[in-house]
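Notes for the one structure printed next.
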Amino acid sequence: MTKKPLRHIAFIMDGNRRWAKTKGFSRAVGHKIGFNKILDVVKRCIFHNIEVVSVFAFSTENWNREQAEIDDIFNIVKTSLPEMLPKLQKFGVSVRTMGDISVFDDEMRGIIKKVCDETKNNKTIILNLCVNYGGRADIVRAANLAISGGAKTITEEAITRNLYGANLPAPDLVVRTSGEQRISNFMLWQMAYSEFLFIKSFWPEITARTVDKCVAEYLSRNRRFGMG
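In the working numbering, the protein residues as written are 584 to 811.
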């Protein structure tokens, strides 16, 4: 049994729409509040000396939602991410992405690239935005990159080094909000030995105390890594 430090925590941010409905707000308000919660969570993770925070912001399956909702989400990113930049700089947050952002329009790609470029030298914590990301697509892409790089056989090491975020540690803890108990095609390869925690709070309800409880729960567990 092994106690491991919590280096990387990944959040499946679920419940924006349902939270908005319970409050009588529009879906767009739910997504806006949810997006703004990201920085609050990152700040609390800094307090706990966590190195990486990943957030599942937009999946490859989210394209199946109504176009109006997709447009709302993208407009929120376009306005809120630049507004967040000064605070990201203040707290030493380095923003990175996982997923195929080439499908986004020029404005969206430009904003994401600008924030990533301007924060790349920050050292306090990494915020890994998973956008247009799917775990299966990530593995397929990694295999194809390995083949195009000359690999004659596909090995676990070849997959691992060609994944999105290959230079990041695998998530130690994966937290899904809103009470749903599934992983929804998120980091399938990377989560082979992650700990999981499913909490009832909707993502917009998450607080510093929620993060504290997640960290405490992780630290109470013993990770066996297949050793019994």
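Beta carbons: idealized from backbone N, C-alpha and C, even for Gly.
| Asked | Found |
| --- | --- |
| Inter-residue spacing [alpha-carbon to alpha-carbon] between P813 and T702 | Because the chain here runs from 584 to 811, residue 813 falls outside it and cannot be looked at. |
| Distance, W602 Cα to E788 Cα | 8 Å |
| Residue environment, Q773, which counts as buried when at least 16 other CB atoms sit within 10 Å | buried |
| Other residues of its chain near N768: CB distance less than 8 Å, five sequence neighbours each side excluded | S642, T643, E644, G717, G718, R719 |
| 8 Å Cβ cutoff met for S777 and D795 | no |
| Residue(s) in a DSSP beta bridge with L756 | I592, E778 |
| Reduced DSSP category for G607 - H, G, I as helix; E, B as strand; rest coil | coil |
| Neighbourhood of G693 by C-beta, 7 Å cutoff - its chain only, sequence neighbours within 5 removed | none |
| Proximity of A640 and C713 at Cβ, strictly below 8 Å | yes |
| Start and end residues, beta strand (DSSP E) containing S642 | 635–642 |
| Three-state secondary structure (DSSP) of I656 | helix |
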